[in-house]
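As given, the protein sequences belong to chains A and B, one line each in that order.
If you count the first sequence from 1, position 155 lands on 155 in our numbering, and the numbers rise without skipping.
Position in the second sequence counted from 1, then plus 175, gives you our numbering.
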Amino acid sequence: MSNTRIIGVFEEESNLMAAVKQVKQEGIEIEEVYTPYPMHDVIEAMGKKTRFTFAAFLYGFMAVIGVLSFLYYTAVIDWPINYGGKPTNAFPSFIIVTIILTILTITIASLFTFSARAAIFPGKKFDLPDNRSTDDKFVIVFDKHSVSGAVDKLKAILKDKGALEVYENEIQLQN
Amino acid sequence: MYKTEVRGPLILGDKNYRQISDDVIAPINQPIPGWWKFAFFVAFMMTSFGVMALYQTVAVGLGTWGVNNSVGWGWEIINFVWWIGIGHAGTAFSIFLLILRQKWRTSINRAAEAMTVVAVICAAIFPAIHMGRVWLAFFIFPYPNTRGPLWVNFNSPLFWDFIAISAYLLISASFWYFGMVPDFATIRDKATSKIKKAVYGFFAFGWTGSSREWLRYEALSYVLGGIAAVLVVSVHSIVSTDFAVSVIPGWHTTVFPPYFVVGAIFSGFAMVMTLMIIIRKMYKFQDYVTDSHLNAIAKILIFISLIMGTAYGTEIFIAWYSGSEYEMFTFFHNRITGDYAFEFWAMVTCNAFIPQLFWFKKVRQNLTLAFIISIFINIGMWYERFNILITSLSKDFLPSSWTTYTPTWVEIGIYIGTLGIFTMGVLLFFKYIPMIAISEVKSVLKVTSLNDNYINHQSHE
Numbered sequence: 001m002s003n004t005r006i007i008g009v010f011e012e013e014s015n016l017m018a019a020v021k022q023v024k025q026e027g028i029e030i031e032e033v034y035t036p037y038p039m040h041d042v043i044e045a046m047g048k049k050t051r052f053t054f055a056a057f058l059y060g061f062m063a064v065i066g067v068l069s070f071l072y073y074t075a076v077i078d079w080p081i082n083y084g085g086k087p088t089n090a091f092p093s094f095i096i097v098t099i100i101l102t103i104l105t106i107t108i109a110s111l112f113t114f115s116a117r118a119a120i121f122p123g124k125k126f127d128l129p130d131n132r133s134t135d136d137k138f139v140i141v142f143d144k145h146s147v148s149g150a151v152d153k154l155k156a157i158l159k160d161k162g163a164l165e166v167y168e169n170e171i172q173l174q175n
Numbered sequence: 176m177y178k179t180e181v182r183g184p185l186i187l188g189d190k191n192y193r194q195i196s197d198d199v200i201a202p203i204n205q206p207i208p209g210w211w212k213f214a215f216f217v218a219f220m221m222t223s224f225g226v227m228a229l230y231q232t233v234a235v236g237l238g239t240w241g242v243n244n245s246v247g248w249g250w251e252i253i254n255f256v257w258w259i260g261i262g263h264a265g266t267a268f269s270i271f272l273l274i275l276r277q278k279w280r281t282s283i284n285r286a287a288e289a290m291t292v293v294a295v296i297c298a299a300i301f302p303a304i305h306m307g308r309v310w311l312a313f314f315i316f317p318y319p320n321t322r323g324p325l326w327v328n329f330n331s332p333l334f335w336d337f338i339a340i341s342a343y344l345l346i347s348a349s350f351w352y353f354g355m356v357p358d359f360a361t362i363r364d365k366a367t368s369k370i371k372k373a374v375y376g377f378f379a380f381g382w383t384g385s386s387r388e389w390l391r392y393e394a395l396s397y398v399l400g401g402i403a404a405v406l407v408v409s410v411h412s413i414v415s416t417d418f419a420v421s422v423i424p425g426w427h428t429t430v431f432p433p434y435f436v437v438g439a440i441f442s443g444f445a446m447v448m449t450l451m452i453i454i455r456k457m458y459k460f461q462d463y464v465t466d467s468h469l470n471a472i473a474k475i476l477i478f479i480s481l482i483m484g485t486a487y488g489t490e491i492f493i494a495w496y497s498g499s500e501y502e503m504f505t506f507f508h509n510r511i512t513g514d515y516a517f518e519f520w521a522m523v524t525c526n527a528f529i530p531q532l533f534w535f536k537k538v539r540q541n542l543t544l545a546f547i548i549s550i551f552i553n554i555g556m557w558y559e560r561f562n563i564l565i566t567s568l569s570k571d572f573l574p575s576s577w578t579t580y581t582p583t584w585v586e587i588g589i590y591i592g593t594l595g596i597f598t599m600g601v602l603l604f605f606k607y608i609p610m611i612a613i614s615e616v617k618s619v620l621k622v623t624s625l626n627d628n629y630i631n632h633q634s635h636e
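Next comes the structure, spelled out in structure tokens:
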């Protein structure tokens with residue numbers, strides 16, 4: 001498979017959005033959009049969804065059960081100690097430790113999930129189509145292979161919507 | 176949706192995206208200024224003094240401190256609570272304001288979070304050394320051990336404290352770090368020197384800013400923000416239970432958790448104001464940290480100051496209304512009057528009265544005055560903790576065990592040391608990390624200025 005990409009560079013986010021809309025209407029598949037800051041419209045237009053919140057809930061649920069059973073095991077089964085005549089299963093005073101450790105578990109597990117799903121980790125090899133996109137440019141990338149029939153039309157749309165530059169480049173994109 | 180007509184543009188000077196990156200990254204690329212070196216040197220000396228005091232504590236023992244059988248908690252716990260309070264700024268700022276979708280947080284949250292992380296590190300030193308044998312501090316971890324296995328006491332607020340603070344440190348540090356990843360990528364891609372590219376490239380974790388990354392990044396920040404909001408409330412509530420679950424007069428009150436949380440946010444916001452005025456002045460960030468930002472912080476400070484005043488009043492009222500003579504004694508003969516009356520009135524003046532000056536627009540706009548008031552609030556919050564701890568402990572139920580408390584040079588030295596660590600940490604942050612969240616500021620640039628693009632961006636919340 002060829003790695004040739006068609007890259008459109010925009011100066012304004014409104015121009016980028018106009019181009020994205022037009023391209024989608026024409027039925028051309030956008031490979032990826034690179035922006036200096038999160039743009040909800042772009043994320044929506046790319047049709048991507050995340051189940052992140054559900055995963056976080058699941059981590060929290062497991063953490064609550066895990067922590068409570070750990071506290072029960074240590075305080076009631078393994079080494080029961082009489083603290084001022086309180087029952088060994090002092091449930092109300094377990095709640096605080098449970099809440100904090102649940103929050104901690106959700107945070108750490110979410111960070112690892114993020115790292116895995118967004119592929120962000122130390123020492124990652126990456127290819128940035130245009131390194132101005134982390135600064136001030138909005139970059140839209142198409143796989144030339146998949147738009148083969150409509151390359152000229154695509155370039156015309158991008159130019160028409162106010163692209164600063166439209167060029168082709170050989171790059172290996174992750175995923 | 177952001178209402179531009181209410182708060183006005185958040186970023187002045189008609190910037191474009193590139194200017195924002197350049198302005199924020201500038202301090203990283205410029206040579207280190209003279210004042211920075213001087214301040215770092217002073218902070219380093221302070222830290223060295225603190226290390227000397229710590230050495231004395233460990234080598235000789237806790238006898239080097241001024242604490243005694245009656246006043247078992249002295250400056251260490253005062254300073255611990257004080258630092259934790261300051262450490263509430265970052266979470267209060269970024270997380271509450273993130274959840275409430277207050278866009279003006281974007282220029283300030285990075286610095287507030289940095290401050291949080293350093294302040295919590297300073298705070299964590301105190302309970303560790305207060306254990307007496309700091310080399311056995313790891314006993315507090317609940318791990319299977321050869322001592323029984325004797326588990327820690329999960330019913331103890333002191334253990335809750337340990338859990339809360341370690342979790343808070345880890346969570347605020349990771350929240351801070353992941354916020355910086357896109358900015359590190361910006362520095363990486365703009366850097367000209369090879370070393371800078373490699374170092375910031377490593378810390379950027381291969382960030383590219385693609386839509387799949389942003390999607391998850393946003394989801395992550397809302398999840399972390401949502402759950403860490405619980406932490407803002409819980410950490411200082413737990414610190415307050417260290418006191419509130421005891422039977423000491425003046426501590427045994429149910430108002431303590433909210434009173435401590437509000438106090439913590441109060442001192443945190445005051446420290447943010449102190450720091451932002453310095454950053455703005457030293458690095459000329461007037462276009463990002465505008466007068467309107469500081470104005471908003473000042474208004475929050477008035478509000479919290481009123482809550483503090485109410486809390487002080489409530490405590491005194493309940494002491495009288497309870498009919499408990501020990502409570503009455505503590506509040507009326509040992510705080511309002513008595514040996515430590517100065518500390519009590521310093522607390523009330525600095526926290527409840529002085530911030531009321533912010534009602535005047537002239538005071539809010541005069542940054543020198545605002546700076547002085549923010550310092551006063553931090554002093555007042557220190558006195559608040561002094562007042563709670565020392566007055567209650569020095570005169571308890573038994574007059575035969577009444578005593579006074581004076582710190583020794585070792586205790587003062589450790590405090591000075593933490594001030595040095597804090598200053599050093601903040602200075603390193605100034606130099607090596609973008610002080611303003613570049614990507615977040617970019618995202619509010621067009622939405623909040625009244626230019627042509629405004630119309631096209633109404634879809635942004």
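Cβ atoms here follow ideal geometry from the backbone N, Cα and C, with glycine treated the same way.
When secondary structure is reduced to three states using DSSP, B/V422 falls in the coil class, being assigned neither helix nor strand.
DSSP places B/S331 in the coil class of the three-state scheme, outside both helix and strand.
Listed along the chain, the chain B residues whose CB falls inside 9 Å of the CB of A/L158 amount to none; the nearest CB is some 17 Å away. The C-beta distance from B/A264 to B/F551 rounds to 17 Å, too long to meet the 8 Å contact threshold.
Sequence-distant Cβ neighbours of B/S569 in its own chain, meaning closer than 8 Å and more than five residues away, are S245, V246, N509, D514, Y515, W577, T578, T579, Y580. Annotation: B/R280 is outside any beta strand (DSSP E) and is labelled neither H nor E by DSSP. Within chain A, the residues whose beta carbon sits less than 7 Å from that of B/R391 are T50, F52, F114, R117, A118, listed in sequence order.
In the DSSP assignment, B/V619 falls within the alpha helix (DSSP H) that extends over 613 to 620. For A/G8, there is no enclosing alpha helix (DSSP H); the residue is part of the beta strand (DSSP E) that begins and ends at 4 to 10.
In terms of CA proximity to B/W210, B/K456 leads the group B/K365, B/F418, B/K456, B/D189. With 16 or more other Cβ atoms inside 10 Å of its own Cβ, B/D198 counts as buried. For the segment 367 to 386 of chain B, the residues whose beta carbon sits under 7 Å from a beta carbon of chain A are, in order, F377, F380, G381, W382, T383, G384, S385, S386. In the DSSP annotation of this structure, the continuous segment of the beta strand (DSSP E) that includes A/E168 starts and ends at 165 to 170. Segment contact: the segment 253 to 270 of chain B against the segment 422 to 439 of chain B, three or more CB-CB distances shorter than 8 Å; contact assigned. In this structure the segment 425 to 433 of chain B touches the segment 405 to 416 of chain B; the number of beta carbon pairs closer than 8 Å is three or more.
Between the segment 331 to 350 of chain B and the segment 96 to 112 of chain A, the count of C-beta pairs closer than 8 Å reaches three or more; the two stretches touch. Apart from sequence neighbours up to five positions away, the residues of its chain that approach B/S499 with a beta-carbon distance below 8 Å are P424, ordered along the chain. In the DSSP assignment, the residues bridged to A/D143 are A/R5. In this structure, the CA atom of B/F216 is about 26 Å from the CA atom of B/P582. Residue pairing from DSSP places A/E32 in a beta bridge opposite A/V141. Assignment of B/S368 by DSSP, reduced to helix, strand and coil, places it in the coil class.
For B/L345, the chain A residues whose C-beta falls within less than 9 Å of its own C-beta are L104, T107, I108, listed in chain order. With fewer than 16 neighbouring CB atoms inside 10 Å of its own CB, B/W534 falls in the exposed class. In terms of CA proximity to A/F54, B/A394 leads the group B/E559, B/I529, B/A394, B/F271. For A/A56, at least one C-beta of chain B is nearer than 9 Å to its own C-beta. With 16 or more other CB atoms across the displayed protein chains lying within 10 angstroms of its CB, A/T74 is buried. Among the CB atoms of chain B, none fall inside 9 Å of the CB of A/F142. Nearest C-alpha to A/N131 among A/I96, A/A119, A/I171: A/I171. Burial is judged here by how many other beta carbons sit within 10 angstroms of a residue's own beta carbon; B/F605 has at least 16 and is buried. Straight across, the Cα-Cα distance linking B/Y458 with B/L542 is about 15 Å. Shown in chain order are the members of the segment 288 to 318 of chain B whose Cβ falls below 8 Å from a Cβ of chain A: P317.
Sixteen is the threshold: when 16 or more other Cβ atoms of the shown chains lie within 10 Å of the Cβ of B/D571, as they do, the residue is buried. At least one CB of chain A lies nearer than 9 Å to the CB of B/A360.
Counting every other CB atom within 10 Å of its CB across the protein chains shown gives A/K21 a total below 16, marking it as exposed.
Note that the C-beta distance between A/E29 and A/D160 is not below 9 Å. As for any alpha helix (DSSP H) of minimum length 4 sitting wholly inside the segment 39 to 119 of chain A, the runs are 40 to 45, 52 to 72, 91 to 117, ordered along the chain.
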